[in-house]
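Inspection log for the structure reproduced underneath, given as structure tokens.
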Amino acid sequence: MTVTTDRDDRAGAFRRARRRDARRAFALAVPLLAFLLITFIAPIVMLLMRGVQNPELSRAMPVLSASIGAWDGTGLPDETIAAAFAADLPGAQESGSLGPLARRLNFYLPEFRSLLMKTARRLPPAADDWRAALAAIDERWATPEPWRVLQRAAINPTPDYLLAAMDAKVGPEGGVTAAPADESVYVDAFGRTFWISAVVTFLCLVFGYPVAWLLANLPPKQADRLMILVIVPFWTSLLVRTTAWYVLLQPGGVINSLLIWTGLTTEPLPLVFNRTGVLIGMTHILLPFMILAIYSVMKGISPTYMRAALSLGAHPVVAFLRIYLPQTLPGVGAGCFLVFVLALGYYITPALLGGAGDEMISQLIAIQTNQQLNWGLAGALSAYLVLFTLVFYFIFNKLVGVDRLRFG
Amino acid sequence: MGQENPFVTFSRVGKSYDGRQNVVQNLDLDIARGEFVSLLGPSGSGKTTTLMMLAGFETPTEGEISLDGKRLNDLPPHKRNIGMVFQNYALFPHLTIAENVAFPLSVRGVSRAEQKTRVARALEMVELPQVAGRRPGQLSGGQQQRVALARALVFEPALVLMDEPLGALDKRLRETMQYEIKRLHRDLGLTVVYVTHDQGEALTMSDRVAVFFDGRIQQIAAPDVLYEDPQNAFVANFIGENNGIAGRVTDLDGGMASMEVGGARITGKAGRDLAVGAPAVLALRPERALLAPMAGDILNRVTGTVEDITYCGDHHRVAVTLAGDGDFILKIPNTTHHALPPPGSRVEVGWRPADCKILTPPPAG
Chain A
1 MTVTTDRDDR
11 AGAFRRARRR
21 DARRAFALAV
31 PLLAFLLITF
41 IAPIVMLLMR
51 GVQNPELSRA
61 MPVLSASIGA
71 WDGTGLPDET
81 IAAAFAADLP
91 GAQESGSLGP
101 LARRLNFYLP
111 EFRSLLMKTA
121 RRLPPAADDW
131 RAALAAIDER
141 WATPEPWRVL
151 QRAAINPTPD
161 YLLAAMDAKV
171 GPEGGVTAAP
181 ADESVYVDAF
191 GRTFWISAVV
201 TFLCLVFGYP
211 VAWLLANLPP
221 KQADRLMILV
231 IVPFWTSLLV
241 RTTAWYVLLQ
251 PGGVINSLLI
261 WTGLTTEPLP
271 LVFNRTGVLI
281 GMTHILLPFM
291 ILAIYSVMKG
301 ISPTYMRAAL
311 SLGAHPVVAF
321 LRIYLPQTLP
331 GVGAGCFLVF
341 VLALGYYITP
351 ALLGGAGDEM
361 ISQLIAIQTN
371 QQLNWGLAGA
381 LSAYLVLFTL
391 VFYFIFNKLV
401 GVDRLRFG
Chain B
409 MGQENPFVTF
419 SRVGKSYDGR
429 QNVVQNLDLD
439 IARGEFVSLL
449 GPSGSGKTTT
459 LMMLAGFETP
469 TEGEISLDGK
479 RLNDLPPHKR
489 NIGMVFQNYA
499 LFPHLTIAEN
509 VAFPLSVRGV
519 SRAEQKTRVA
529 RALEMVELPQ
539 VAGRRPGQLS
549 GGQQQRVALA
559 RALVFEPALV
569 LMDEPLGALD
579 KRLRETMQYE
589 IKRLHRDLGL
599 TVVYVTHDQG
609 EALTMSDRVA
619 VFFDGRIQQI
629 AAPDVLYEDP
639 QNAFVANFIG
649 ENNGIAGRVT
659 DLDGGMASME
669 VGGARITGKA
679 GRDLAVGAPA
689 VLALRPERAL
699 LAPMAGDILN
709 RVTGTVEDIT
719 YCGDHHRVAV
729 TLAGDGDFIL
739 KIPNTTHHAL
749 PPPGSRVEVG
759 WRPADCKILT
769 PPPAG
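So the sequences go chain by chain: A and B. Take 1 as the starting number for the first sequence in my numbering and just add one per residue. Take 409 as the starting number for the second sequence in my numbering and just add one per residue.
This is how it looks when you write it as structure tokens:
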């Protein structure tokens with residue numbers, strides 16, 4: 001019996017010691033966790049939440065938002081709904097919630113703000129037939145369109161932002177329909193973002209692989225010098241490098257002057273404010289990530305493998321393709337993943353070096369956030385970007401394994 | 409041995425990495441078909457460089473290397489048809505064992521069916537048929553080296569090079585693998601060039617051993633010749649243990665020489681380039697010296713003081729300080745029942761002239 005008790009005591013003491021260690025480790029990480037929670041995780045969650053939140057109508061017009069759901073969406077809503085609208089309007093104006101509502105409704109239907117403000121200004125204190133009275137203020141109230149918008153706005157949480165971010169909306173019949181062609185920009189923008197990211201990743205791989213090979217195989221002294229050339233741009237500010245390309249690539253810039261001076265071209269080449277500029281700038285900025293990811297794997301490959309392959313009768317090209325290259329694939333996978341995911345969120349470089357048709361999705365999110373103040377749509381677009389990034393992350397993890405990601 | 413019909417020939421081969429210092433100089437070496445030759449020497453002696461030149465990973469700066477009458481100098485490594493076994497095995501980690509062994513066959517365009525039978529036969533030969541589907545990382549060091557052997561032999565190369573193949577294995581496994589390599593050499597009639605810094609390995613496995621030092625072959629001979637009849641002081645000191653007492657040559661007479669050590673006169677077989685009055689060193693194995701020898705043909709006798717006695721199981725190691733001249737080691741077999749002299753006592757040490765050699769000292773530095 002005593003033996004068992006002893007053993008139990010020992011196990012208990014061990015567990016207590018483990019718990020104490022775990023608590024201490026956690027306590028050390030608490031400040032960082034709190035910082036991350038407040039400055040990073042919470043804002044992201046809040047922004048993503050905005051992609052589905054729709055509180056403006058229920059806040060400004062509680063009676064209307066409770067009753068408009070009963071309307072079947074055909075013809076005009078009945079008198080009680082019109083009366084609810086008329087009853088809620090003065091209150092909304094007084095409480096100051098009419099402004100946010102007008103902005104919100106304007107995203108559904110341009111001109112809705114002016115319609116709402118005009119109606120609020122001219123609303124009679126009482127009427128027998130509110131539908132007629134509203135139609136007298138503006139004939140648009142005699143059409144189902146503004147009422148449908150109000151009905152959509154009453155739904156909280158709403159799928160409308162998420163639909164809009166995919167160039168779709170809920171049509172008059174209640175089904176999802178495509179947005180009109182002149183408003184459809186986001187699917188194209190996502191496609192463009194993926195395409196630019198893929199091309200940049202490919203270019204980084206093509207340029208980075210030989211450099212990584214040199215870094216891993218040159219004599220140490222030369223490799224150190226080459227490494228400095230890779231690392232210094234890596235440490236330099238993104239904005240500085242982008243502006244440098246801006247200067248270098250413009251029609252009267254260094255590169256075009258050089259090309260004309262050498263006679264390779266007579267006219268300046270359009271190298272900036274178009275796709276070329278975006279690709280040059282992004283490839284240059286993301287190249288170190290690719291080089292370092294591949295280099296870290298190549299560094300671990302012993303030169304004996306190549307020697308062994310040669311001694312076994314393989315031509316150097318065959319030995320490279322069959323023995324060396326497969327061993328570098330984890331680095332290639334890690335580098336491609338890193339560059340692709342970073343490129344997906346690129347904003348400053350395409351904004352400065354790109355032209356009209358080169359907006360990436362981050363730029364559109366920024367426009368919605370800063371200029372249009374449509375934070376709901378910005379949240380929905382961000383949600384898709386996060387989702388797609390996670391999809392790529394899982395594909396990468398399946399193919400290569402995240403633990404392969406390392407530097408140096 | 410291979411002089412009349414050499415298979416591998418190095419003639420006046422030199423190699424320099426910086427254009428000033430030669431890591432290998434003026435190397436002449438002939439290897440016969442079916443011979444097992446070891447290149448033995450301390451690190452930096454040029455043995456590995458010699459092997460790498462033969463494999464084609466280093467180019468000689470002068471001289472010529474030929475294999476079976478064909479000049480090798482300008483032939484790239486992959487066209488030399490030489491099998492090579494590396495110290496760290498160099499099995500391709502992303503391929504299975506079977507794919508590793510099949511690699512030299514597949515780059516030679518051997519059909520898949522034949523690859524399969526030959527890989528199976530090669531793995532059978534190293535007694536590892538069961539690991540074909542595994543990856544190198546799942547095998548022990550000894551198993552990996554067996555696979556590396558199978559891979560180097562599966563394409564029936566003209567010559568097999570081994571670069572310290574057992575260096576990474578522990579002692580027991582090393583001995584098993586030595587036996588294994590010898591068996592393959594014998595059964596398959598291989599020609600093997602084997603680089604090692606382990607003299608025991610070189611002596612037990614080789615037909616001939618080339619002792620490298622300072623970029624030159626100091627002596628190339630069968631193991632017993634190397635041990636019994638070292639050509640110079642470096643070989644005498646490097647192979648086995650040696651009592652290298654220094655002295656001066658007093659007399660040269662035919663094949664014999666005499667030297668003076670602390671007042672005593674020692675006679676032995678004469679080495680090359682001796683001159684009366686010039687400095688000389690003794691080459692004498694510790695097991696050939698006797699304590700308190702009886703009269704007879706034991707002509708060389710020196711007295712000294714016993715410093716220390718170490719028990720080594722099958723023998724005792726007795727350290728003696730000779731009259732003013734350095735340490736002297738004797739190995740006394742553990743068969744005699746009479747007691748050894750206690751440390752501090754004066755003893756007489758003696759040996760036969762035929763058991764020792766008098767050599768010129770190694771160059772300074």
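Don't be surprised by glycine CBs; every beta carbon is placed ideally from N, CA and C. The model shown is predicted, which means the values in this text are computed figures rather than measured ones.
Who are the near neighbours of residue i in its chain, counting only those whose CB is closer than 6 Å to its CB and skipping five residues on each side?
{"i": "threonine 417/B", "result": "Asp438, Ser474"}
{"i": "serine 753/B", "result": "Val714"}
{"i": "lysine 455/B", "result": "Leu447, Gly449, Val603, Phe620"}
{"i": "leucine 574/B", "result": "Arg582, Met585"}
{"i": "alanine 630/B", "result": "Arg616"}
{"i": "proline 749/B", "result": "Val714, Val755"}
{"i": "alanine 672/B", "result": "Val710"}
{"i": "methionine 570/B", "result": "Val493, Tyr602"}
{"i": "serine 184/A", "result": "Asp167"}
For residue i, which option in the options has the closest C-alpha, if you only look at C-alpha atoms?
{"i": "arginine 529/B", "options": "Thr675/B, Ala630/B, Phe563/B", "result": "Phe563/B"}
{"i": "arginine 554/B", "options": "Lys579/B, Leu567/B, Thr584/B, Val445/B", "result": "Thr584/B"}
{"i": "proline 326/A", "options": "Met306/A, Val211/A, Asp129/A, Thr143/A", "result": "Met306/A"}
{"i": "tyrosine 246/A", "options": "Leu89/A, Pro62/A, Thr349/A", "result": "Thr349/A"}
{"i": "methionine 695/B", "options": "Ser419/B, His723/B, Pro687/B, Pro769/B", "result": "Strictly speaking, residue 695/B in this sequence is glutamate, with methionine absent from that position. Out of Ser419/B, His723/B, Pro687/B, Pro769/B, His723/B has the C-alpha closest to the C-alpha of glutamate 695/B."}
{"i": "glutamine 53/A", "options": "Ala380/A, Gly171/A, Lys169/A", "result": "Ala380/A"}
{"i": "glutamine 433/B", "options": "Thr457/B, Val445/B, Thr729/B", "result": "Thr457/B"}
{"i": "lysine 118/A", "options": "Asp129/A, Ser97/A, Ala126/A, Arg140/A", "result": "Arg140/A"}
{"i": "aspartate 160/A", "options": "Thr143/A, Ala179/A, Ala142/A", "result": "Ala179/A"}
{"i": "lysine 590/B", "options": "Arg580/B, Gly623/B, Leu569/B, Ser614/B", "result": "Ser614/B"}
{"i": "threonine 768/B", "options": "Met533/B, Gly652/B, Val568/B", "result": "Gly652/B"}
{"i": "glutamine 368/A", "options": "Arg7/A, Asp8/A, Gly51/A, Gly171/A", "result": "Gly51/A"}
{"i": "leucine 352/A", "options": "Phe273/A, Ala343/A, Asn370/A, Phe14/A", "result": "Phe273/A"}
{"i": "glutamate 609/B", "options": "Asp426/B, Phe444/B, Gln429/B, Ile625/B", "result": "Phe444/B"}
{"i": "serine 451/B", "options": "Thr718/B, Gln607/B, Ala506/B", "result": "Gln607/B"}
{"i": "tyrosine 347/A", "options": "Ala378/A, Pro220/A, Leu364/A, Asp9/A", "result": "Leu364/A"}
{"i": "arginine 322/A", "options": "Thr525/B, Phe511/B, Arg656/B", "result": "Phe511/B"}
Measure how close the beta-carbons of residue i and residue j come, nearest whole angstrom, since I'm counting them as under 8 Å.
{"i": "methionine 290/A", "j": "glycine 335/A", "result": "4 Å"}
{"i": "alanine 654/B", "j": "valine 689/B", "result": "5 Å"}
{"i": "phenylalanine 642/B", "j": "proline 484/B", "result": "About 36 Å; that fails the 8 Å criterion."}
{"i": "glycine 277/A", "j": "glycine 354/A", "result": "6 Å"}
{"i": "asparagine 489/B", "j": "glycine 313/A", "result": "7 Å"}
{"i": "leucine 699/B", "j": "valine 755/B", "result": "6 Å"}
{"i": "proline 761/B", "j": "asparagine 708/B", "result": "6 Å"}
{"i": "leucine 203/A", "j": "leucine 259/A", "result": "20 Å between Cβ atoms; not a contact."}
{"i": "isoleucine 706/B", "j": "glycine 670/B", "result": "Contact doesn't hold; Cβ gap of about 18 Å is too wide."}
{"i": "proline 124/A", "j": "alanine 135/A", "result": "Incorrect: roughly 13 Å between the Cβ atoms, too far for contact."}
{"i": "leucine 592/B", "j": "leucine 557/B", "result": "7 Å"}
Which same chain residues end up closer than 8 Å to residue i when comparing Cβ atoms and leaving out the 5 residues on each side of it in sequence?
{"i": "arginine 241/A", "result": "Pro233, Gly281, His284, Ile285"}
{"i": "leucine 214/A", "result": "Ala223, Leu226"}
{"i": "glutamine 551/B", "result": "Leu536, Val539"}
{"i": "leucine 248/A", "result": "Val254, Ile255"}
{"i": "arginine 113/A", "result": "Ala102, Arg103, Leu105, Asn106"}
{"i": "proline 565/B", "result": "Asn489, Ile490, Gly491"}
Quick one: residues in its chain with C-beta nearer than 7 Å to the C-beta of residue i, no 5 flanking neighbours on either side, listed in chain order?
{"i": "glycine 773/B", "result": "Note that glycine 773/B scores a pLDDT of 45, beneath 50, so its modelled location is shaky; the value from the coordinates is reported in the next line. Around glycine 773/B: no qualifying Cβ."}
{"i": "proline 414/B", "result": "Asp438, Ile439, Ala440"}
{"i": "arginine 16/A", "result": "none"}
{"i": "alanine 560/B", "result": "Gly491, Met492, Val493, Val568"}
Could you tell me whether any non-hydrogen atom of the ligand MG is closer than 7 Å to the CB of residue i?
{"i": "threonine 242/A", "result": "The ligand MG is not part of the structure shown, which contains no ligands of any sort."}
* Asked: Considering only residues of the segment 637 to 722 of chain B, which uninterrupted beta strand (DSSP E) runs meet the minimum length of 3 residues and lie entirely inside it, listed in chain order?
  -> 654 to 661, 664 to 669, 672 to 678, 687 to 692, 708 to 719
* Is there contact here, the segment 74 to 88 of chain A with the segment 132 to 147 of chain A, by at least three beta-carbon pairs under 8 Å? -> yes
* To do: Please determine if the segment 347 to 367 of chain A and the segment 542 to 550 of chain B are in contact, where contact requires at least 3 C-beta pairs separated by less than 8 Å.
  => no
* Does the pairing of the segment 457 to 469 of chain B with the segment 657 to 669 of chain B give three or more beta-carbon distances under 8 Å? -> no
* To do: Kindly provide the ranges of any alpha helix (DSSP H) runs that are 4 or more residues long and lie completely inside the segment 339 to 363 of chain A, ordered along the chain.
  => 348 to 353
* Whole runs of the alpha helix (DSSP H) within the segment 215 to 272 of chain A, excluding any shorter than 4 residues -> 220 to 235, 238 to 249, 254 to 261
* To do: Quick one: which unbroken alpha helix (DSSP H) runs of 4-plus residues sit fully inside the segment 27 to 51 of chain A? Chain order, please.
  => 42 to 50
* **Length-filtered (3 minimum) beta strand (DSSP E) runs lying within the segment 144 to 182 of chain A** => 168 to 170, 176 to 178
* alpha helix (DSSP H) segments (min. 4 residues) lying fully within the segment 452 to 476 of chain B -> 455 to 463
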